[in-house]
Amino acid sequence: MSAAAPSPWRAHAALRAPPAPRRALWAAPLLLSLLFVLGVIVWAQRNERDEREEARKTMISDALSLEAQLRARLDEEAARLAALAVQLRSVRPDAAALDAQPEVVAGLRRVWLSVTWLDAANRIVAHVPQQLPAARRVPGPDDEPGLSLHLSAPIAPSPAGAPAGMLVARYAPAVLLRRGVPWWLARKYDVQLVDGLDQVIASTADTPPRAGGDSYRVSFGAPLSDAYLQLTQREASQPGLRTLPLVLIGGFLALIGVATALLRRQVQQVGQAEAAARSEAAWRGAMEDSALVGLRARDAEGRLLYVNRTFCDMVGYRADELIGRTPPMPYWPPDAIDEAAWRMRRNLAGQAPREGYEARWRHRDGHMLDVMVFESPLVDAGGTQVGWMGSIVDITERKQLAERERRQTETMAHHARLTMLGEVASTLAHELNQPLMAIASYTTGITNSLQRRGEPDPVVLGALERLGQQAAHAGRIVQRIREFLTRRAPQHEACDLNRVIQEAVALLQRELQRHGVQLAFALDPALPQIVADPVLIEQVVINLVRNAADALAAHAGERRIEVQSAQVAAPDRAARFVRIDVIDSGPGIGGLRIEALCAPFYSTKREGMGMGLAICRSIIEAHSGAFDVDAAPGGGARFSFSLPVSRPDDASSIPEEDQ
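With my numbering applied, the sequence shown covers 417 to 1075.
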């Protein structure tokens, strides 16, 4: 199952091609066998030579490493002897004092055979172990046969006037080799210390090395400058051809001759079978490539074994790019790889729905497609299930058609609800107009009555005056809403935009305080008057500020709204505009553009109807202005609209537009 099948149409083309002459192919195994035997002989010779060279390099490396270790051991012993010599400067020169030194006892337990204290005239002052107690005597170095060597360290005169001298430690090289040579190295080599005359000073073996063995000698250096460290291999490598059974080679060639004869007969039978299968494969390939259903075969691990032309056209990849691929597949959506992998494991476990299942794939060019997949077991000629065969139908157009029908139904339902809402709003505007006029009349009457009584309370009069103003303002808003719902033209008039903004925000003071929102103004005092419907512009400002406050209500950071106004010039300098910005420090717009935010029925609020920004944009565009939104520099969102600047006497020249 690990071999990838070729592209189906290429495989079919190869089957349709005429077979090449194969008369001499049956002799190829015999020729290859002869070449193999010759190659084995050459390989054995080269391998033997390489092994000898590698063993030689290893022995040189081991000799250098062992020489460094032994020299370091002798240097350490010399340093210990020098330290002992420094300690003896303040000790009375006699055998008892020398024997009482801990370093002497430790040295005798290591490799020292004896320690001798000489005076300035090279006379023996003390010698250890002359009378070493039996309890402290360790057998080993004293009993080692062979030559012995010595280390010396001068004893400087003491400050008290003690004479100078020399400290000499005699040691056994055989003990040094036995304790300094690793066990694995001693099993591999015969290690010897020899002098310049090839006399053996010490050896790790009891018997002389084997004659003719490969050896390497390295100069020992100080403190044994006239000695050499020699390593001799214990076992010699056997030639490679001696270990190669020539009888087996002859038998191998005989069996190859018999196999060649049988292969010639088999080649003839295979040629006949291929001729019969070629026609069948051509028919099968033509049927699979002409099918309108995508076909794919997968093994038990999910590796693609076969795809037809329709499947390749469906996902945009060639067959040679897909066959042999293992999950994740290139046509799986990047954001749904885990889901696709889980579905694949379910299908390979034999739990795919019999009625098929829907999946979402990605074409090579990036567009998405919906498919319906049907899985069935893939069985080989022996009746063993080797994988799964899938049939794939592209249902993208059908899904898109169903989605369009659903959206049209929802749009019609929204239109019906909005029409009903407009009728209800028109009725409410008509019904609220009379109570608002009555409130204004009663307020005026109460004010006149209090003034006739003389010296009325100024606070009460001020409150009644503001009550009348708010009632009149509410009546104007209701009237404009009624006119807007009845599709009448807006009432353009010269207005101070800064004043319109301040009056609009004043209506939201309590709501802003409830949400804990800080409000700031950056209004241009030199802002020119514009010709517009102040009530509608006021509604736009109220909607933008309220949306910003709603976005900040659940915001954990700073809650701040800033309203700015400024005069800007058009790119062609032929016209002037007034720009209003409502900037908040909320979570932002999430990368959405103005077209998405102002789309009908789209809302980021759970209870929103999705018509607020759409109506605001319609109002601004009805005033020949522009509506825009982008991210604020310090985070949050910035909603902006611009209106053209016109002189007050130009109000009559502005055309009336339907809302």
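Glycine included, C-beta positions come from ideal geometry on N, C-alpha and C.
Boundaries (first-last residue) of the alpha helix (DSSP H) holding threonine 474: Indexing the sequence shown from 1 puts residue 474 at position 58. Counting along the chain, the alpha helix (DSSP H) containing threonine 474 begins and ends at 444-503.
Cβ-based neighbour list, serine 1058, same chain, cut-off 6 Å, excluding 5 preceding and 5 following: As a working note, residue 1058 is residue 642 in the sequence shown. For serine 1058, where only same-chain residues beyond five positions count, the Cβ hits under 6 Å are Phe993, Arg995, Gly1041 and Ala1042.
Residue range of the alpha helix (DSSP H) that includes alanine 511: For the purposes of this step, residue 511 is identified with residue 95 of the sequence shown, where counting begins at 1. Taken as a continuous stretch (DSSP letters only), the alpha helix (DSSP H) holding alanine 511 covers 511-515.
Among Arg915, Glu919, Leu939 and Asp966, the one whose alpha carbon lies nearest that of glutamate 927: The residue you call residue 927 lines up with position 511 of the sequence shown. The candidate whose alpha carbon is nearest that of glutamate 927 is Asp966.
CB of proline 570 within 8 Å of CB of alanine 471, strictly: Working through the sequence shown from its first residue, we reach residue 570 at position 154. Working through the sequence shown from its first residue, we reach residue 471 at position 55. Their beta carbons are not under 8 Å apart, which means proline 570 does not touch alanine 471 by this criterion.
Beta-bridge pairing of valine 607 - partner residues as DSSP gives them: Numbered from 1 along the sequence shown, position 191 holds the residue referred to as residue 607. DSSP output for valine 607 lists Leu647 as bridge partner(s).
Residues near glycine 635 by beta carbon distance below 7 Å, same chain, minus five either side: As a first step, residue 635 is located in the sequence shown; it is residue number 219 there, counting from the start. It should be pointed out that residue 635 corresponds to serine in this sequence rather than to glycine. Excluding sequence neighbours, serine 635 sits near Tyr644.
Residue range of the unbroken beta strand (DSSP E) whose run includes tryptophan 533: As a working mapping, residue 533 is identified with position 117 in the sequence shown. Counting along the chain, the beta strand (DSSP E) containing tryptophan 533 begins and ends at 528-535.
Own chain, CB closer than 7 Å to phenylalanine 1055, minus 5 neighbours either side, in chain order: Along the sequence shown, one-based indexing puts residue 1055 at 639. Hits under 7 Å: Leu960, Val998 and Val1045.
DSSP-derived helix/strand/coil call for serine 857: On the sequence shown, position 441 is the one that residue 857 refers to. The answer is helix: DSSP assigns serine 857 an H, G or I state.
8 Å contact criterion, which leucine 534 and methionine 582 should meet: CB distance rounded: By 1-based counting over the sequence shown, the position of residue 534 is 118. By 1-based counting over the sequence shown, the position of residue 582 is 166. Correct: roughly 4 Å between the Cβ atoms.
Three or more C-beta pairs below 8 Å linking the segment 976-986 and the segment 904-921: yes
Sequence-distant residues of the same chain with beta carbon closer than 8 Å to glutamate 909, five excluded per side: As a position in the sequence shown, residue 909 is number 493, starting the count at 1. Around glutamate 909: Val947, Ala948, Asp949, Pro950 and Ala1067.
Three-way DSSP call (helix, strand, coil) for isoleucine 1005 in this model: For the purposes of this step, residue 1005 is taken as residue 589 along the sequence shown, with counting starting at 1. Isoleucine 1005 falls in the coil class under three-state DSSP.
Element boundaries [beta strand (DSSP E), containing leucine 711]: As a working note, residue 711 is residue 295 in the sequence shown. From DSSP, the beta strand (DSSP E) with leucine 711 extends over 710-715.
Under the three-state DSSP convention, the category alanine 765 falls into: Residue 765 sits at position 349 when you count from the first residue of the sequence shown. Correct three-state label for alanine 765: coil.
Aspartate 912 beta carbon less than 8 Å from that of glutamine 886: Here the question's residue 886 lines up with position 470 in the sequence shown. Here the question's residue 912 lines up with position 496 in the sequence shown. No, they are not a contact pair.
6 Å CB neighbourhood of valine 610 in its chain, flanking five on each side removed: Taking the first residue of the sequence shown as 1, we reach residue 610 at position 194. Cβ within range, chain order: Val616, Tyr644 and Gln646.
Backbone secondary structure at valine 1061 - three-state DSSP: Here residue 1061 is taken as the residue at index 645 of the sequence shown, counted from 1. Coil, per DSSP.
Option in Pro941, Gly673, Ala1048 and Ala537 with minimal Cα separation from leucine 446: Position 30 of the sequence shown holds residue 446. Measuring from the Cα of leucine 446, the nearest candidate turns out to be Gly673.
Leucine 913: first and last residue of the uninterrupted alpha helix (DSSP H) it sits in: Residue mapping note: residue 913 aligns to position 497 of the sequence shown, counting from 1. Note, leucine 913: alpha helix (DSSP H), 913-922.
Endpoints, the alpha helix (DSSP H) within which methionine 745 is located: Taking the first residue of the sequence shown as 1, we reach residue 745 at position 329. Per DSSP, methionine 745 belongs to no alpha helix (DSSP H) and is neither H nor E.
Where tryptophan 748 falls, given that 16 or more other Cβ within 10 Å makes a residue buried: The residue you call residue 748 lines up with position 332 of the sequence shown. That one is buried.
Touching by the beta-carbon criterion (3+ pairs, under 8 Å), the segment 798-818 and the segment 706-719: yes
Own chain partners of threonine 648 with C-beta closer than 7 Å, once the 5 adjacent residues on each side are dropped: For the purposes of this step, residue 648 is taken as the residue at position 232 of the sequence shown. Around threonine 648: Tyr605, Asp606, Pro625, Gly629 and Ser631.
Simplified DSSP assignment, three categories, for glycine 884: In the sequence shown, residue 884 corresponds to position 468, counting from 1. Looking at glycine 884 - three-state DSSP - the assignment turns out to be helix.
Contacting residues, own chain, Cβ-Cβ under 6 Å from alanine 969 (five flanking each side not counted): Residue numbering aside, residue 969 sits at position 553 when the sequence shown is read from its first letter. Correct list, in chain order: His931.
Candidates Gly666, Val544, Met784 and Leu486, of which the one nearest leucine 592 by Cα: Numbered from 1 along the sequence shown, position 176 holds the residue referred to as residue 592. With distances taken between Cα atoms, leucine 592 lies closest to Leu486.
Residues that valine 683 bridges to, as DSSP identifies them: What you label residue 683 is simply residue 267 of the sequence shown in a count that begins at 1. According to DSSP, valine 683 bridges with nothing at all.
Within 8 Å, strictly: CB atoms of serine 981 and leucine 943: Stepping through the sequence shown from its first residue, residue 981 is reached at position 565. Stepping through the sequence shown from its first residue, residue 943 is reached at position 527. Yes, the pair counts as a contact, with Cβ atoms nearer than the cut-off.
Bridge partners - isoleucine 808, DSSP secondary structure assignment: The sequence position of residue 808 within the sequence shown is 392, counting from 1. According to DSSP, which records beta bridges pairwise, isoleucine 808 is partnered with Gly710 and Val789.
DSSP beta-bridge partners of aspartate 997: For the purposes of this step, residue 997 is taken as residue 581 along the sequence shown, with counting starting at 1. Paired residue(s): Gln980 and Ser1056.
Given alanine 544 as reference, the closest of Leu565, Val584, Gly732 and Leu794 once Cα atoms are compared: If you number the sequence shown from 1, residue 544 lands on position 128. For the sequence presented, residue 544 should be read as valine rather than alanine. Checking every option, the nearest Cα to that of valine 544 belongs to Val584.
C-beta contact flag for tryptophan 777 and valine 723 at 8 Å: For the purposes of this step, residue 777 is identified with residue 361 of the sequence shown, where counting begins at 1. For the purposes of this step, residue 723 is identified with residue 307 of the sequence shown, where counting begins at 1. Cβ atoms of tryptophan 777 and valine 723: not closer than 8 Å.
Span separating the alpha-carbon of isoleucine 457 from that of glutamate 464: As a position in the sequence shown, residue 457 is number 41, starting the count at 1. As a position in the sequence shown, residue 464 is number 48, starting the count at 1. Near 11 Å, if we compare the C-alpha coordinates of glutamate 464 and isoleucine 457.
With 16 other Cβ atoms within 10 Å as the buried cut-off, status of methionine 853: Here the question's residue 853 lines up with position 437 in the sequence shown. Flag for methionine 853 reads exposed.
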